[in-house]
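Right, one structure below, let's go through it.
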Amino acid sequence: RRDKSGSFISVGLGQNWIILQLRHGLSQIRHQLPADLFFPLSLLLLSSSPSDLVATIPSRLAWFRLAMNGGGGDESGSDHEGSGTRKPLLLKNTGSWYRMVGSSSRQIVGASSMAVLRESHVSALLCTLIVALGPIQFGFTCGFSSPTQDAMIRDLGLSISQFSAFGSLSNVGAMVGAIASGQMAEHIGRKGSLMIAAIPNIIGWLAISFANDSSFLYMGRLLEGFGVGVISYTVPVYIAEISPQSTRGALGSVNQLSITLGIFLAYVLGMFVPWRLLAVLGTLPCTLLIPGLFFIPESPRWLAKMNLMDDFETSLQVLRGFETDITAEVNDIKRAVESANKKATVRFQELNQKKYRTPLLIGTGLLVLQNLCGINGILFYASRIFRAAGFTNSDLATCALGAIQVLATGVTTSLLDKAGRRMLLIISTAGTTLSLLAVSVAFFLKDNLPHDSHSDYILSMVSLVALVAYIITFSFGMGAIPWLIMSEILPVGIKSFAGSFATLANMLTSFGVT
């Protein structure tokens, strides 16, 4: 064991030999002792007291793991100071099981859990799946209106215009969230932003569940919309920053896949549960997201930007696996951050420069065009559309449409890193244009031709096939790719502002459509 000054005190001949070896690194004796003896000794000999042992078992496990892998670890490391670098608003914003703790030294906390995450794509996938609870919440918000419209109008005595306002107000709240999201993600980190976004989401759903008039409905919708606005920007950026280059497209598309899953869940559950209970179920994704954030690392790029270099390297090592050499990637990120820090803050008038204007126009334009495709108008009111097309069981048709969207987005996930973004966007935009044209013609003919059972049936089938084709082709490109490109192409110097602006434009367009 060690005394207060940090020197080792021998407690017996055999233990004294081990301590001498430990001073040169446990990695030197890992082949000389059986694992079942080496493991407890590595824990006990590094503890100054029983309470210290109990309190720091997770970090001892991590130390043991690193030693067995042949790693040493620098016990004198600290966050490097540097002029011109920014400090985070909340130094330990949400905590992590990998966080570095200690006074004069830092040790990896709880790394025994992550030791099983050997491959980079497994660890990054796990983190992606946890933050994907946010987009599931987003999708649940989009899908809530369709199956609940009739019941809410009946129970609360709402007019069609009041319910339409309820459906659209989430976009108003999302605009406010979008404006705040860039600065939130910049100052308190990606995880801190998601945790803050989860709270108004939960409160908003509860307000909707207990509403007795339109005022509570509107307040709840605005609150959850704010959370959705923050989530919409933060999740794609976080996923892009933690993903290996080889799987960035596939993992990035999980954001859109999760949105479609949330829509589908709202459709299916809305068939079986009352709308008040459905609103309570809407709190579950964010309720699970909050504790989940404590078990994933913060974005390495954000940590490097905040000059938390020890945490930055630890976070990246967790994501890539303990046996992976991250030297090249660490150097790349450091160079990118240093280059960004050397540049002065970009002023608003400088956005007209081509190097900023082009990526800003592309990122914003794609997100605006995504909603101008009419996707939210169809998803928000899918049940009414099917009813107008002549389907008696419109709720079942809506659920089938949601399932098709999930499957199509899942297929897109596997294609993004193979087919390329541009080709998928071309196919997607062409397909959505033709399918929407077919839907428009079918509804026009249905309203203007004499009614008979045969023609009505044909037009209903045409509208159904066209809607399915629309959902599939939209999912192939315009669903996932705009968010992915926005998170990839924006320069570091304008990322927070430009990302907020692009998300705001997306939500403003969605408000106009819905």
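Note that the working numbering has the sequence shown beginning at 21, numbered continuously upward. Built from N, CA and C at the ideal position, the CB exists for glycine as well.
DSSP places residue 393 in the coil class of the three-state scheme, outside both helix and strand. Straight across, the Cα-Cα distance linking residue 256 with residue 155 is about 10 angstroms. In the DSSP annotation of this structure, residue 409 is not part of any alpha helix (DSSP H), being labelled neither H nor E. Taking each of 316, 459, 495, 414 in turn and checking the Cα distance to residue 152, the smallest one comes out for 316.
About 6 angstroms separates the Cβ atoms of residue 244 and residue 190, confirming a contact at the 8 angstroms cut-off. Taking the Cα of residue 235 as reference, the smallest distance to any Cα among 199, 263, 185 is reached at 185. Counted as a single uninterrupted DSSP element, the stretch harbouring residue 500 is not any alpha helix (DSSP H), since DSSP gives it neither H nor E. Remark: fewer than three beta-carbon pairs, one from each stretch, lie closer than 8 angstroms, so the segment 295-310 and the segment 460-470 are not flagged as touching. With fewer than 16 other CB atoms across the displayed protein chains lying within 10 angstroms of its CB, residue 431 is exposed.
Nearest Cα to residue 453 within the set 489, 335, 327, 437: 489. Annotation: the continuous alpha helix (DSSP H) that includes residue 468 extends over 441-468. In this structure, the CA atom of residue 232 is about 47 angstroms from the CA atom of residue 435.
Secondary structure of residue 341 (DSSP, three-state): coil. Pairwise C-beta distances place the segment 494-505 out of contact with the segment 344-363, as fewer than three of them are shorter than 8 angstroms. Three or more beta-carbon pairs separated by less than 8 angstroms are not found between the segment 443-459 and the segment 412-430, which leaves the two stretches without contact. The C-beta of residue 374 has fewer than 16 other C-beta atoms within 10 Å across all chains shown, which makes the residue exposed.
Following the DSSP letters along the chain, one finds residue 483 inside the alpha helix (DSSP H) bounded by residues 473-496.
Counting along the chain, residue 182 sits inside the alpha helix (DSSP H) bounded by residues 180-229. Secondary structure of residue 171 (DSSP, three-state): helix.
Between residue 287 and residue 484, the CB-CB gap reaches or exceeds 9 angstroms.
In the structure shown, residue 316 falls within a coil segment according to DSSP collapsed to helix, strand and coil. Between the segment 285-301 and the segment 512-524 there are fewer than three inter-stretch CB-CB distances shorter than 8 angstroms, so the stretches are not counted as touching.
Counting of Cβ neighbours within 10 angstroms places residue 477 among the exposed residues, the total staying below 16. Under the DSSP assignment, residue 256 falls in the alpha helix (DSSP H) whose first and last residues are 234-262.
The criterion of a C-beta distance shorter than 9 angstroms is not satisfied by residue 144 and residue 273.
If you look at residue 152, you'll find it isn't in any alpha helix (DSSP H); DSSP assigns it neither H nor E. With distances taken between CA atoms, residue 211 lies nearest to 321 out of 449, 321, 265. Between the alpha carbons of residue 406 and residue 181 lies a distance of about 20 angstroms.
When only Cα atoms are considered, residue 354 and residue 324 end up about 7 angstroms apart. Between residue 495 and residue 530, the C-beta spacing is not below 9 angstroms. For residue 274, the uninterrupted alpha helix (DSSP H) run begins and ends at 274-292, by DSSP. With contacts defined as CB atoms closer than 9 angstroms, residue 270 and residue 527 fail to qualify as a contacting pair. Shown here, residue 386 sits in a helix according to DSSP, grouped into three states. Collapsing the DSSP output to three states places residue 269 in a helix.
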